[in-house]
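Q:
There are 2 protein chains.
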Amino acid sequence: MSTLAQGKADLERASTAQKVADMLRERVLDGELAPGLRLSEEAIGGALGVSRNTLREAFRLLTRDRLLVHEHSRGVFVRRPTGDDVRDLYAARRVIECGALAKWPDVDDLKRDAVRRPIEEATAHGAKEDWAKLGAANIRFHRGIVGLAGSHRLSEESDRLFAELMLAFRVVSDPKRLHMSYLPLNREIVELLNAGDVDGAIGKLRAYFDLAEADLVEQLASL
Amino acid sequence: MSTLAQGKADLERASTAQKVADMLRERVLDGELAPGLRLSEEAIGGALGVSRNTLREAFRLLTRDRLLVHEHSRGVFVRRPTGDDVRDLYAARRVIECGALAKWPDVDDLKRDAVRRPIEEATAHGAKEDWAKLGAANIRFHRGIVGLAGSHRLSEESDRLFAELMLAFRVVSDPKRLHMSYLPLNREIVELLNAGDVDGAIGKLRAYFDLAEADLVEQLASL
DNA sequence: ATTGTAGGATTGTTGAACGATTTGACGATA
DNA sequence: TATCGTCAAATCGTTCAACAATCCTACAAT
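Protein sequences appear in the order of chains A and B. The working numbering numbers the first residue of the first sequence as 2 and each following residue consecutively. The working numbering numbers the first residue of the second sequence as 2 and each following residue consecutively.
1) I want to verify the contact list: residues of chain A whose CB lies under 8 angstroms from the CB of B/I97, in sequence order.
2) If contact is defined by three or more beta carbon pairs under 8 angstroms, each pair taking one atom from either stretch, is the segment 176–185 of chain A in contact with the segment 112–129 of chain B?
3) Going by beta carbon distance, what residues of the same chain come within less than 6 angstroms of B/Q220, once the five residues before and after it are set aside?
4) Which residues in chain B have a C-beta closer than 7 angstroms to the C-beta of A/D89? List them in chain order.
5) Counting Cβ pairs closer than 8 angstroms, one from the segment 49–61 of chain B and one from the segment 93–113 of chain B, do we hit at least three?
6) To the nearest angstrom, how far is the alpha carbon of B/R53 from that of B/E43?
7) So, at 8 angstroms on beta carbons, what are the nonlocal neighbours of A/M24 in its own chain, with the 5 sequence-adjacent residues on each side left out?
8) Check whether the segment 67–83 of chain B touches the segment 117–133 of chain B, taking contact to mean three or more Cβ pairs, one atom from each stretch, closer than 8 angstroms.
9) Mapping the DSSP letters down to three states, classify B/E72 as helix, strand or coil.
10) Should B/L206 be labelled buried (16 or more other beta-carbon atoms within 10 Å of its own) or exposed?
11) Excluding sequence positions up to five away, which residues of its chain have a Cβ less than 7 angstroms from the Cβ of A/A138?
12) Restricting to runs no shorter than 4 residues, where is the alpha helix (DSSP H) found entirely within the segment 52–131 of chain A?
13) With a threshold of 7 angstroms between beta carbons, is B/A15 in contact with chain A?
14) What separation, rounded to the nearest whole angstrom, lies between the Cα atoms of B/S3 and A/P36?
15) Which residues bound the alpha helix (DSSP H) around B/D211?
16) For A/L62, return the contacting residues in chain B, with the cut-off set at a CB-CB distance below 8 angstroms.
17) I'd like the list of long-range same chain contacts for A/R161, defined as Cβ closer than 8 angstroms, with 5 residues on each side in sequence excluded.
18) Assuming contact is defined by CB atoms lying nearer than 7 angstroms, are A/V199 and A/W132 in contact in what I supplied?
19) Pick helix, strand or coil for A/R39, following the three-state DSSP scheme.
20) In three-state DSSP terms, what is B/A44?
21) For B/S156, which of helix, strand or coil comes out of DSSP?
22) For A/E72 versus A/A18, is the C-beta spacing smaller than 7 angstroms?
23) For a cutoff of 7 angstroms on Cβ pairs, would you count B/E27 as touching chain A?
24) On the criterion of 16 or more Cβ atoms from any shown chain inside 10 Å, does B/D86 qualify as buried, or is it exposed?
25) Could you check whether the Cβ of B/A92 sits closer than 7 angstroms to any Cβ belonging to chain A?
26) Just the Cα atoms here: how many angstroms apart are B/D211 and A/E130?
27) At the level of alpha carbons, what is the spacing between B/I146 and B/G197?
28) Less than 7 angstroms between CB atoms is the rule here; does B/E158 satisfy it with respect to chain A?
29) Chain A partners of B/R43, CB-CB under 9 angstroms?
30) Quick one: which chain B residues come within Cβ less than 9 angstroms of A/R75?
31) When the cut-off is 7 angstroms and only beta carbons count, does B/E58 lie next to chain A?
32) Can you give me, in chain order, the residues of the segment 160–176 of chain B that have a beta carbon less than 9 angstroms from any beta carbon in chain A?
33) Nearest to B/E214 by alpha carbon, out of B/R75, B/D89, B/D31, B/E27?
Structure representation (structure tokens):
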């Protein structure tokens, strides 16, 4: 049954514009397409072998995800997040994630594990000094937190916020320090949750947001 | 300065696809385009005098807003919200609005008035039995609550949630009863806020969500 | 009643075309 | 030197026509 549902999902994924958008999204998040870069319709369309119309549909999708910005008659550019953007993103995250975390007492172990496990994985990757995977596990930790709310729509919007934040992280000079320094804090959050101190965990999560936001804004300001 | 920024915003608003999307959005929220209706590219494009490509761009925008659903090679349809959709929407609203409301002590009077004023307006419209305006004021009340969080992104996502919810409201048999019955509850929330009892207000808001969700789900189930 | 099988209709995608807008360079003027 | 038009090149915005791919309907066969 689960394999059938999976197969259906694969079949439904067909649109060329959607595939192009997915490919471009990866390139943007990889950093291969740097923030501020202009994406010429002709150049990109020619390189990917799709028509301008189809490419423009893909651009619309990514613009809605805030990875690209569209300027009329000038083209689309890879978004370059500002300090205000980061403040806005963290204001949204504070509300969403702290609110979702408050649901901890009401959810089952499946959802709880989606919060706990990424921290274990992050620790393992940190020990191996695999900073990319550490960062990815960190994202999964926060995705797990949002998942506690039990809203598909909220999770999808959060994914967009995370993607945009990863764009902002690209300007950070030392991502290793950033991710490693917050890992112990996240671990404490999980320990507080396991101990039943949800309010304490929320407080620590909020403290994490304050620290991370200030750090990122400062690095963006020094450019 | 503010007039200049306004003028620039007006100038930038130009794209045909955007205008078509705005027009279609109104029609969908009016109910002129009923949930479940299929939107033929040829028919709509011909009626609006735009090409298929431009129309498809508009469809993508509205699909992202969840007002339309896109089925591959079958076309786009006006979304028909299900009970699960409503539960998802309210789960998201609970997290967002309760979290935003918790910021009440930290915000200025401008933002607080954006919460208080719509309730006064709703009361006035209710007295005149203008149910459409009463519903609109109710939405503004909740927009004001989200605005307390101070995140532009969160407010925009909430607008999408509200729009989708208005789609679900279209199946309600007696919108008058629905809006009127919750107005006193909203008024109590404002009074609690003015009295400084933020936690009490959050509790009442949560109670409102529980009632409204159950009501809407029940009406959707009886179809 | 279920399963194939045409066919017609609609969507998915492409390519070319043309007007509109932006951009950048080149002089003209003060 | 600095500022202001002007003009040409490049790119975007939009339309149109065409064809392949897919879906829907009706009808026949088992």
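Backbone N, C-alpha and C fix where the C-beta goes; we use that ideal spot for every residue, glycine too.
A: Let's see:
1) As a working mapping, residue 97 of chain B is identified with position 96 in the second sequence. Simply V96, I97, G100, L155.
2) In this structure the segment 112–129 of chain B does not touch the segment 176–185 of chain A; the number of beta carbon pairs closer than 8 angstroms is below three.
3) For the purposes of this step, residue 220 of chain B is identified with residue 219 of the second sequence, where counting begins at 1. Only V173 meet the Cβ criterion.
4) Within the first sequence, the letter at position 88 stands for residue 89 of chain A. Going along chain B in sequence order, the residues near A/D89 (Cβ under 7 angstroms) are S152, H153, R154.
5) As far as the Cβ criterion goes, the segment 49–61 of chain B does not touch the segment 93–113 of chain B, which means the pair count is below three.
6) Indexing the second sequence from 1 puts residue 53 of chain B at position 52. Indexing the second sequence from 1 puts residue 43 of chain B at position 42. Straight across, the Cα-Cα distance linking B/R53 with B/E43 is about 7 angstroms.
7) Locating residue 24 of chain A in the first sequence gives position 23, where the first residue counts as 1. Cβ neighbours of A/M24 beyond the five flanking positions: L49.
8) Contact fails between the segment 67–83 of chain B and the segment 117–133 of chain B, because fewer than three Cβ pairs, one in each stretch, are under 8 angstroms apart.
9) Here residue 72 of chain B corresponds to residue number 71 of the second sequence, with the count starting at 1. Strand at B/E72.
10) Here residue 206 of chain B is taken as the residue at index 205 of the second sequence, counted from 1. Result: buried.
11) The residue labelled residue 138 of chain A in the question sits at position 137 within the first sequence. Excluding sequence neighbours, A/A138 sits near P119, E122, A123, H126.
12) Inside the segment 52–131 of chain A, DSSP marks whole alpha helix (DSSP H) runs of 4 or more residues at positions 53–65, 84–102, 110–128, from first to last along the chain.
13) To locate residue 15 of chain B, count along the second sequence from 1; it is residue 14. Yes - at least one Cβ of chain A is within 7 angstroms of the one on B/A15.
14) Residue mapping note: residue 3 of chain B aligns to position 2 of the second sequence, counting from 1. Residue mapping note: residue 36 of chain A aligns to position 35 of the first sequence, counting from 1. Interpretation of B/S3 is limited by its pLDDT of 44, a score under 50 that renders its predicted location unreliable; the figure taken from the coordinates is listed afterwards. Roughly 28 angstroms separates the two Cα atoms.
15) Residue 211 of chain B sits at position 210 when you count from the first residue of the second sequence. Its alpha helix (DSSP H) spans residues 199–222.
16) Within the first sequence, residue 62 of chain A is the residue found at index 61, counting from 1. For A/L62, the neighbours in chain B by C-beta distance under 8 angstroms run, in chain order, R61, R65.
17) As a first step, residue 161 of chain A is located in the first sequence; it is residue number 160 there, counting from the start. Excluding five sequence positions before and after A/R161, the CB atoms of its chain that fall closer than 8 angstroms to its own CB belong to D66, R67, given in chain order.
18) Start at 1 with the first residue of the first sequence, and residue 199 of chain A comes out as number 198. Start at 1 with the first residue of the first sequence, and residue 132 of chain A comes out as number 131. Remark: C-beta atoms of A/V199 and A/W132 do not approach each other more closely than 7 angstroms.
19) Numbered from 1 along the first sequence, position 38 holds the residue referred to as residue 39 of chain A. Note: A/R39 maps to strand in three-state DSSP.
20) The count along the second sequence starts at 1 and reaches residue 44 of chain B at position 43. Note: B/A44 maps to helix in three-state DSSP.
21) As a first step, residue 156 of chain B is located in the second sequence; it is residue number 155 there, counting from the start. Taken through DSSP and simplified to helix, strand or coil, B/S156 comes out as helix.
22) Start at 1 with the first residue of the first sequence, and residue 72 of chain A comes out as number 71. Start at 1 with the first residue of the first sequence, and residue 18 of chain A comes out as number 17. Cβ atoms of A/E72 and A/A18: not closer than 7 angstroms.
23) The residue you call residue 27 of chain B lines up with position 26 of the second sequence. False, the Cβ-Cβ gap to chain A never drops below 7 angstroms.
24) In the second sequence, residue 86 of chain B corresponds to position 85, counting from 1. Result: buried.
25) What you label residue 92 of chain B is simply residue 91 of the second sequence in a count that begins at 1. So yes, B/A92 belongs to the interface.
26) In the second sequence, the residue the question calls residue 211 of chain B occupies position 210. In the first sequence, the residue the question calls residue 130 of chain A occupies position 129. Between the alpha carbons of B/D211 and A/E130 lies a gap of roughly 47 angstroms.
27) Start at 1 with the first residue of the second sequence, and residue 146 of chain B comes out as number 145. Start at 1 with the first residue of the second sequence, and residue 197 of chain B comes out as number 196. B/I146 and B/G197 have their C-alpha atoms roughly 15 angstroms apart.
28) As a position in the second sequence, residue 158 of chain B is number 157, starting the count at 1. With 7 angstroms as the cut-off, B/E158 counts as an interface residue toward chain A.
29) Reading the second sequence from its first residue, position 42 is the one you call residue 43 of chain B. A small fix is needed here, since residue 43 of chain B is Glu in this sequence, not Arg. Chain A residues near B/E43: none, gap ~17 angstroms exceeds 9 angstroms.
30) Counting from 1 along the first sequence, the entry for residue 75 of chain A is found at position 74. Near A/R75 there are no residues of chain B at all, since even the closest Cβ is about 10 angstroms away, more than 9 angstroms.
31) What you label residue 58 of chain B is simply residue 57 of the second sequence in a count that begins at 1. At least one chain A Cβ lies under 7 angstroms of B/E58.
32) When CB distances to chain A are screened at a threshold of 9 angstroms, the residues of the segment 160–176 of chain B falling below it are R161, L162, E165, in chain order.
33) By 1-based counting over the second sequence, the position of residue 214 of chain B is 213. Restricting attention to B/R75, B/D89, B/D31, B/E27, the CA atom closest to the CA of B/E214 is found in B/D89.
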